[in-house]
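Residues in the sequence shown are numbered from 18 upward in steps of one, following the numbering used here.
All remarks here apply to the structure that follows.
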Amino acid sequence: MADALFPDELDGPRARADAEAVARTAVTALAMVAGAKERRLPLRAKEKEVMPVPETTLDVDALLGELVPHDVPQADREAALERFAEPILRAALAAIRTSADRSRAVLDALSTGQGEFAPFVAQAAGGPAADRARAILAALEPSIVPLARHPDPAIRTKAVVLVARSSSDEAVEAIAAALEDQNASVQRVALAAVASPRADGVRVPPNPRAVTSVGKLLASSESWAVRVLAAQAMGRLGAAGAGVEASARLAETATKDGYALVRQAALEAMASFDKAGARALATHVASVDPEPRVREAAKAVAAGSASGVP
18 MADALFPDEL DGPRARADAE AVARTAVTAL AMVAGAKERR LPLRAKEKEV MPVPETTLDV
78 DALLGELVPH DVPQADREAA LERFAEPILR AALAAIRTSA DRSRAVLDAL STGQGEFAPF
138 VAQAAGGPAA DRARAILAAL EPSIVPLARH PDPAIRTKAV VLVARSSSDE AVEAIAAALE
198 DQNASVQRVA LAAVASPRAD GVRVPPNPRA VTSVGKLLAS SESWAVRVLA AQAMGRLGAA
258 GAGVEASARL AETATKDGYA LVRQAALEAM ASFDKAGARA LATHVASVDP EPRVREAAKA
318 VAAGSASGVP
């Protein structure tokens, strides 16, 4: 049943529907076994001794729909994860090692890595089941980190999201490598992850490779949106300990970038960790920047009223 939770993505709508039906049935079966006897879910076809013989091709989805309910109460799904966490973990490890499709199924189940494990634990849920989901993610992390270098950019993106909250050396290095990814989606996710608060509350020292990579994106990315994200990431790196280099790079961007939103983001990022340097720079920017919005933001920084970026 645990293995069935992470199916391959089969070709064709009927094959995909059948695989999803098997996975859904696995969840129901685990919930039935995990629940107390008086709370076990009723079989849809419990009064039928024999299922009708199909006249044409067997419809697995329809057959399983007759046997088990589709809607399993949240409490029963959480109970299933708590009781069967070990076989589910083993199945997830096997899925990651088997194929890209099954790896994607595991990554999708873990979602953002903040306690979700679909379909057992809903997003932003708390309690023992969410704690168990986080423990499963921690056990899977050594297998997920290599997926940040997978040939499929969609898998790389999902993997980066999951390892972003880890403080392990391997995870930090994976984020730094993702900053150099040629895919824009992977780069954006990595930028959002740089120097962000970790799940264990530990402040991770700045990775030199990450500082260099963020600096390159800040200076030369053709996308102004990426440069804004890079400015915010540089601000977090500055707050984490790379203050001298971060201040220098942000000051240059705040005065030289050709896009107003990027100049503003750089100034406010600098103000988030180097208030004195940002105030001095803001006084200059407020008098020379050609964009009124940037001048107003600079005045706020100079007055000490700008909040900076997280």
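Where is the CB? At the ideal position from N, CA and C, for every residue including glycine.
Here the structure is a predicted model, which is why all the values come from computation and not from measurement.
Within 9 angstroms, strictly: CB atoms of residue i and residue j
{"i": "SER213", "j": "ARG253", "result": "yes"}
{"i": "LEU179", "j": "THR129", "result": "yes"}
{"i": "ALA109", "j": "VAL123", "result": "yes"}
{"i": "ASP291", "j": "GLY258", "result": "no"}
{"i": "PHE134", "j": "LEU98", "result": "yes"}
{"i": "ALA283", "j": "ASP274", "result": "yes"}
{"i": "GLN281", "j": "ALA319", "result": "no"}
{"i": "ALA51", "j": "ASP93", "result": "yes"}
{"i": "ALA19", "j": "PRO159", "result": "no"}
{"i": "VAL211", "j": "ALA256", "result": "no"}
{"i": "ALA96", "j": "ALA48", "result": "yes"}
Inter-residue Cα distance where the pair is residue i and residue j
{"i": "ARG100", "j": "GLU187", "result": "30 angstroms"}
{"i": "PRO222", "j": "PRO90", "result": "43 angstroms"}
{"i": "ALA299", "j": "ARG182", "result": "33 angstroms"}
{"i": "ALA40", "j": "LYS316", "result": "57 angstroms"}
{"i": "ASP198", "j": "LEU154", "result": "24 angstroms"}
{"i": "PRO136", "j": "VAL162", "result": "23 angstroms"}
{"i": "ALA46", "j": "ALA36", "result": "15 angstroms"}
{"i": "SER408", "j": "ALA195", "result": "Residue 408 is absent from the structure shown; the chain starts at 18 and stops at 327."}
{"i": "ALA149", "j": "ALA139", "result": "Note that residue 149 corresponds to Arg in the displayed sequence, not to Ala. Cα to Cα, ARG149 sits roughly 13 angstroms from ALA139."}
{"i": "ALA32", "j": "PHE23", "result": "14 angstroms"}
{"i": "VAL189", "j": "ALA297", "result": "33 angstroms"}
{"i": "ASP306", "j": "GLU285", "result": "15 angstroms"}
{"i": "THR272", "j": "VAL302", "result": "7 angstroms"}
{"i": "ARG25", "j": "GLY144", "result": "The sequence as given places Asp at residue 25; Arg does not occur at that position. Going by the C-alpha atoms only, they are around 30 angstroms apart."}
{"i": "GLU72", "j": "ASP88", "result": "28 angstroms"}
{"i": "ASN200", "j": "VAL206", "result": "10 angstroms"}
{"i": "PRO30", "j": "VAL70", "result": "23 angstroms"}
Cβ shell of residue i (< 7 angstroms), same chain only, five flanking positions each side left out
{"i": "ALA277", "result": "GLU308, ARG310 and VAL311"}
{"i": "ASP169", "result": "ALA117"}
{"i": "ALA247", "result": "LEU208, VAL231, LEU234, LEU235 and SER238"}
{"i": "VAL279", "result": "TRP241, ARG244, VAL245, ALA248 and THR270"}
{"i": "ALA329", "result": "For the chain, the structure presents residues 18 to 327; residue 329 sits outside this window and is missing."}
{"i": "SER202", "result": "PRO170 and THR174"}
{"i": "ARG266", "result": "GLY232, LEU235 and MET251"}
{"i": "GLU262", "result": "VAL228"}
Contacts around residue i, its chain only, beta-carbon distance under 6 angstroms, and the 5 residues preceding and following it disregarded
{"i": "ARG151", "result": "GLY132"}
{"i": "ALA191", "result": "VAL162, ALA165 and VAL180"}
{"i": "GLN204", "result": "ASP198"}
{"i": "THR115", "result": "none"}
Sequence-distant residues of the same chain with beta carbon closer than 8 angstroms to residue i, five excluded per side
{"i": "LEU157", "result": "LEU106, ALA109, LEU110, ILE113, VAL123 and LEU127"}
{"i": "GLY294", "result": "SER264, ALA268 and MET287"}
{"i": "LEU164", "result": "ILE113, SER120, LEU124, ILE172, ARG173, LYS175 and ALA176"}
{"i": "HIS167", "result": "ALA117, SER120, ARG173 and ALA176"}
{"i": "ALA102", "result": "ARG149, ALA152 and ILE153"}
{"i": "ALA53", "result": "With a pLDDT of 48 at ALA53, under the threshold of 50, the modelled position of this residue cannot be trusted; read the value that follows with caution. Counting only Cβ-Cβ distances below 8 angstroms, and skipping sequence neighbours, we find nothing."}
{"i": "GLY321", "result": "LYS292 and ARG296"}
Cβ-heavy atom distance, residue i to the ligand PLP, below 8 angstroms
{"i": "PHE134", "result": "Looking at this structure, you won't find the ligand PLP or any other ligand, since it has none at all."}
Q | Whole runs of the alpha helix (DSSP H) within the stretch 131 to 195, excluding any shorter than 4 residues | A | 145 to 161, 170 to 180 and 186 to 195
Q: Tell me the start and end of each unbroken alpha helix (DSSP H) in the stretch 244 to 320 that is at least 4 residues and wholly inside, in chain order.
A: 260 to 273, 277 to 288, 292 to 305 and 309 to 319
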